[in-house]
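What follows is a set of notes on a single structure, which appears directly below.
Structure (structure tokens):
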């Protein structure tokens, strides 16, 4: 009989004192980074604090301070509610009352006149530093959940267990993350923490597989017993993981890229139940589990959109939100090219047009080559890009399925 | 002088003052600086801060590394279970020591926040301590050369070169000078190793003159080294080239001017509110500045400082001579480097604290000079060193407040505290019992002192933050900081003296007394007598004889000792030594 392997999530070698001390040290270092350079992302988030503080819900995604600002709200609704929480809680009100935070920090300001005061900078940087608690939580849970996997492999005689503390430290002291969050100013640490929490749940789920053994004994004398072993995943942790991931997507739609991975993994792992008959496994689709998973995911993902749907003209509102989330009008690449395929594509295109311009041939021939080889290369439209993306995801999906 | 008349000098006073005060060695670098003026402020600031950082890493951190390796040499032979990070005991001790010495909040805040070059001179001083306490020739390897195990005076010579460099970089190293002088003087009289003790006893009469000759020749070699180093550094200032005849002329007035700049007696007894005895005694109703005439004040300060310096210098002289070297053959053959460096570090801390407490024109930042050697003793007296690091940073608060370094102050303290809490206190090695020189471990009675002092420090911070002083006492809060800081520093000074005496007990100080309990009783007795004498001396300020009598008392039981007999160890009411 297969026994149920329960893994206690709190057996680990990382003591809370260690995590607290690391949090304090890193927070001190981040405090020392307060007066460093901050980018326009700082002004963007300050503007969002202002929008969520002063404007009613219906205008959050429409407002742009009379056209004087480009820092419009372009994150999904749950992040907007996060900013609303930051600008509308009792601590903020206390700070404003005591004069430790100036009112101007939370005002709707045009782009040419939005210089933040020292206290405003400190306030916002403090929110990022405190939101890193989620990062620490995720970084703590991730190696703890992997611990069960490692100990299993050690029992099998393979694998080496590294100290879980190393994993935590490598995650939280990542210099890129610190630079991006505490200098350039973003909230990536918090989001990464949520992602790690969701991954932890999924990994825990892999270790909790229950087996139900049903033995049908026939009454005839052939002594053959009809054993059926049914394997199913625990369910709860998968739902938690899916829910956490949906919440993450509702905070930053960038993580939509990971959605196919989650989809196919959970489909196979959670929704299919395996029954073993003699020598082979028989997979059957459990419709009930699929429905439950779908409901949980949709609630977590679309729950944040509900207040916006309940406004007047929900369709216009949703279209505006989608337009803000996916600004295809901005072009294929950012001002500063990221290190991706489209940058190579554009670079090749520009190199080709440069070479063609400098080549010593007549203009008639040049025009022919230009039209034949389509130099410069055409810029792909969003659906083409999405298609290429999905093709690129195929190996990942296959391995997730398996 | 170099930059003063440069018309392109647009930046603030601190730059020119700094370049006048330091950088005598790096004269070409100063010229490079002048050629680069005209930068915008941000880049100029970046450049200067980078210079501090580079010098800090190359000179100070390397010195700390070398000394840490030396102080923990031989710890790797101890096999024990590591802590949760899988470290061996030796690694754990080394990491603890390095982290304590390198994350000192006071040093980081002053050098990289307030902007100074202290770490350069402190690093040079630490290098000099390393070389000075070497018993053997550092350039000979034991495997190649049998003479490598003989006592060699090359170490102190190199050390004195480094110390002269440190002294010429910043004259604040004079705080260490008496201790170093006492130790080197003792080293001149150390008997050479490499001869059998039979020869020693047989030719005892003949040994005396050659022993004296050796001592004098060593002293002369040191003197020549120091004078040469000073000459190389100072003479370029005094030589001028007369234009018409193109002759080199030596101008002694420049040297006098340098000395006047280095020691500004006209500035007064103390500058600002510093955790000094004089500042504490200047408040009403004591008002020592009114009671003592102004021209006598420097002499009073000098006298009191000399009195405070007597115990550490006395012990260091004995250490330099290598007390215990003539008792047994094993001790004679021993390499004294390990105990010498510890004594020298304690002695330097003690001497720096003596100067800080009683000297003329002391600046708040002078506490760093006491902190730097002490931070390397974090393995011998962990609780005391941690406590003192925090106290030293705390006394700097009024200065940091003005410099707008409040946030950095709290952040650096937090980093210091949490780093040590993560690494965890390493256990002591088998060679020494558990932290004999750490007063907070040895005297259970004093265990409450760190917590009480932390509580009071927090209270004073809260008072500073929330309350504004009454209008008739505008400087109340900095004065409170300096008075309470002075009290804690006086306590620290006496602890350093106590620790030096305790160190003598653990290292087989004298030939006749090998009973450590006796030595500890002597240490405690000297502490109590020292307290009483200090109080008397400070209260009446007219007699310098009493403290010197106290020093004599400390040695009294040494003179009247009988040969050691086996006595059962009595439990003294003052101490509770725990020996496994």
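Chains as they are written, first to last, in our numbering: chain A, 7 to 408; chain B, 2 to 581. Just so it is clear, CB atoms sit at the ideal spot from N, CA and C, and this is done for glycine as well. The structure presented is a predicted model; accordingly, all values stated were derived computationally and were not measured.
1. Tell me, please, whether the CB atom of residue 304 (chain A) is closer than 8 Å to any CB atom in chain B?
2. Can you find at least 3 beta carbon pairs, one from the segment 377-387 of chain B and one from the segment 351-361 of chain B, that sit closer than 8 Å?
3. What does a CB cutoff of less than 8 Å around residue 191 (chain A) pick up in its chain, not counting 5 residues either side in sequence?
4. Taking a Cβ distance cut-off of 7 Å, strictly less, list which residues of the segment 400-429 of chain B are near chain A, in chain order.
5. Identify the contact partners of residue 28 (chain A) in chain B, using a Cβ-Cβ distance below 8 Å as the criterion.
6. Taking the C-alpha atoms as reference points, what is the distance between residue 165 (chain A) and residue 153 (chain A)?
7. Return the residue from the list A:27, A:83, A:200 that minimises the CA-CA distance to residue 54 (chain A).
8. Could you tell me if residue 271 (chain A) is buried or exposed, where buried requires 16 or more neighbouring beta carbons within 10 angstroms of its beta carbon?
9. For residue 290 (chain A), write down the residues that DSSP places opposite it in a beta bridge.
10. Of all the CB atoms in chain B, is at least one closer than 8 Å to the CB of residue 375 (chain A)?
11. Say whether chain B places a C-beta atom closer than 8 Å to the C-beta of residue 367 (chain A).
12. Taking the continuous alpha helix (DSSP H) assigned at residue 49 (chain A), which residues delimit it?
13. Compare the C-beta of residue 24 (chain A) with all C-beta atoms of chain B and state if any pair is closer than 8 Å.
14. Can you list, in chain order, the residues of its chain whose CB lies under 7 Å from that of residue 407 (chain A), leaving out five sequence neighbours each side?
15. Mark residue 23 (chain A) as exposed unless 16 or more other C-beta atoms lie within 10 angstroms of its C-beta, in which case mark it buried.
16. Taking Cβ positions only, does residue 126 (chain A) come closer than 8 Å to chain B?
17. If contacts are defined as beta-carbon pairs under 8 Å, then residue 309 (chain B) and residue 371 (chain B) qualify, I think. What distance do you get, rounded to the angstrom?
18. Would you kindly check if the distance between the Cβ of residue 183 (chain B) and the Cβ of residue 379 (chain B) is under 8 Å?
19. What is the C-beta distance between residue 362 (chain A) and residue 375 (chain A), in whole angstroms, given that I count them as a contact (C-beta under 8 Å)?
20. Have a look at residue 342 (chain A) and residue 276 (chain A) and give me their C-alpha separation to the nearest angstrom.
21. Which value, in whole angstroms, describes the spacing of the CA atoms of residue 129 (chain B) and residue 341 (chain B)?
22. If we require 4 or more residues per run, which alpha helix (DSSP H) segments fall completely within the segment 218-266 of chain B?
23. Locate the alpha helix (DSSP H) running through residue 391 (chain B), then write down its first and last residues.
24. Establish whether the CB of residue 34 (chain A) and some CB of chain B are separated by less than 8 Å.
25. What is the DSSP secondary structure of residue 363 (chain B), reduced to helix, strand or coil?
26. Given a cut-off of 8 Å on the beta-carbon distance, is the pair residue 364 (chain A) and residue 188 (chain A) in contact?
27. Shorter than 8 Å from the beta carbon of residue 397 (chain A) to some beta carbon of chain B?
28. Check whether chain B comes within 8 Å of residue 38 (chain A), counting only Cβ atoms and requiring the distance to be less than that.
29. When DSSP labels each residue in this structure, what does residue 325 (chain A) get in the three-state scheme?
30. Between the C-alpha atoms of residue 26 (chain A) and residue 142 (chain B), what's the straight-line distance to the nearest angstrom?
31. Pull up the distance between the alpha-carbon of residue 494 (chain B) and that of residue 98 (chain B), whole angstroms please.
32. Does the beta-carbon of residue 400 (chain A) have 16 or more other beta-carbons within 10 angstroms, so that it is buried, or is it exposed?
33. So, helix, strand or coil for residue 103 (chain A), using DSSP?
34. Quick check: what's the CA-CA separation for residue 60 (chain B) versus residue 126 (chain A)?
Reading from the atomic positions:
1. no
2. no
3. 44, 45, 47, 48, 51, 130, 131, 134
4. 408, 409, 412, 415, 416, 419, 420, 422, 423
5. Scanning chain B for C-beta atoms nearer than 8 Å to the C-beta of residue 28 (chain A) yields 419, 423, reported in chain order.
6. Reliability fails at residue 165 (chain A), whose pLDDT of 48 lies under 50, so the model's placement of it is uncertain and the value that follows must be treated cautiously. Roughly 12 Å separates the two Cα atoms.
7. A:83
8. Counting of Cβ neighbours within 10 angstroms places residue 271 (chain A) among the buried residues, the total reaching 16 or more.
9. A:279
10. no
11. no
12. 46-60
13. yes
14. Shown here for residue 407 (chain A): same chain residues with a beta carbon closer than 7 Å to its own, the five before and five after excluded, namely 270, 274 in chain order.
15. exposed
16. No - not a single Cβ of chain B is within 8 Å of the one on residue 126 (chain A).
17. Contact flag wrong, Cβ pair sits at about 12 Å.
18. no
19. 6 Å
20. 41 Å
21. 13 Å
22. If we require 4 residues or more, the alpha helix (DSSP H) runs fully inside the segment 218-266 of chain B come out as 253-263.
23. 383-396
24. Residue 34 (chain A) belongs to the set of residues whose beta carbon lies under 8 Å from a beta carbon in chain B.
25. Strand.
26. no
27. no
28. yes
29. helix
30. Distance between the alpha carbons of residue 26 (chain A) and residue 142 (chain B): 48 Å.
31. Rounded to whole angstroms, the gap between the alpha carbons of residue 494 (chain B) and residue 98 (chain B) is 22 Å.
32. exposed
33. Helix at residue 103 (chain A).
34. 40 Å
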